Amino acid sequence: MPVQLSFEKVDKYYQKILTKNEKLEKYADVSYSSFSYLAVVRSLVNPTISELASAMDVKKPSASTMVKKLVDMGLLEVERSISDKRVCNLTLSAEGNEVIELGRSADDLFFGKVEEVLDDNEFETFAGLWEKITSNLEVDGGK
1 MPVQLSFEKV DKYYQKILTK NEKLEKYADV SYSSFSYLAV VRSLVNPTIS ELASAMDVKK
61 PSASTMVKKL VDMGLLEVER SISDKRVCNL TLSAEGNEVI ELGRSADDLF FGKVEEVLDD
121 NEFETFAGLW EKITSNLEVD GGK
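Numbering (full-length UniProt numbering), first residue to last: 1 to 143.
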């Protein structure tokens, strides 16, 4: 693989963005996997553990383990359904929402830098390619 296709420099720059944000120090122990679960909970709006497991393409016990971890970290809350006490719905806590927003702001800073490096036409092409790449990564689950 050619050096120019390496993610090393991109990763270093992104990590620099993350470490410069003082608010993120509070959430330094939030892994990428944890962040992904939080993002999916937010997008699904109060999912059950089964719905979360399905969306994450994991088995229910794996999702349950991560939910417990996120609840223990204070990032996620579990609420019993009013209509069916056997069902639990997941919601982000205020801290969980803050983690998502901080992650988005880091993305904004990163892509803002990319936009500075490229001219308008190049950035438009890059954005289209980025969308194509990321949508196809999701299709096959990274396999």
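By construction, the Cβ of each residue, glycine as well, lies at the ideal position given by its N, Cα and C atoms. Nothing here was measured: the structure is a model prediction, and the numbers come from that model.
What are the boundary residues of the beta strand (DSSP E) that includes residue i?
i	result
N46	That residue, N46, is in no beta strand (DSSP E); it is neither H nor E in DSSP.
Using DSSP bridges, identify the partner residues of residue i.
i	result
N89	T48, E79
In the DSSP assignment, find the alpha helix (DSSP H) that holds residue i and state where it starts and stops.
i	result
M66	60 to 72
residue 165	Here the chain has residues from 1 to 143 only, and residue 165 is not among them.
Among residues of its own chain, excluding the 5 on either side of residue i, which ones have a beta-carbon nearer than 6 Å to its beta-carbon?
i	result
Y27	V99
V30	V99
G142	Interpretation of G142 is limited by its pLDDT of 46, a score under 50 that renders its predicted location unreliable; the figure taken from the coordinates is listed afterwards. Excluding residues within five positions, none has a Cβ falling inside 6 Å.
S62	none
S64	I49
Among residues of its own chain, excluding the 5 on either side of residue i, which ones have a beta-carbon nearer than 8 Å to its beta-carbon?
i	result
D140	Since pLDDT at D140 reaches only 49, below the 50 mark, its modelled position is unreliable, and no value is offered.
D11	none
Measure the CB-CB distance between residue i and residue j and report whether it falls below 8 Å.
i	j	result
S81	N89	yes
Y14	F110	yes
G96	L38	yes
E115	F123	yes
From the options, pick the residue whose C-alpha is nearest to that of residue i; which is it?
i	options	result
N46	D57, K20, L76, S34	L76
D72	S34, E116, G128	S34
Y32	R86, R104, N136	R104
L102	W130, K20, G128	K20
L52	T91, E8, K85	T91
R86	T48, S6, L44, K16	T48
M66	S36, L137, D120	S36
R42	S135, K68, K16, S93	S93
For residue i, which residues from the same chain have a beta carbon less than 7 Å from its beta carbon, with the 5 sequence-adjacent residues on both sides left out?
i	result
L118	F126
G40	Looking at the sequence shown, residue 40 is not Gly but Val. Result list for V40: L52, A55, M56, in chain order.
K60	I49, S50, A53
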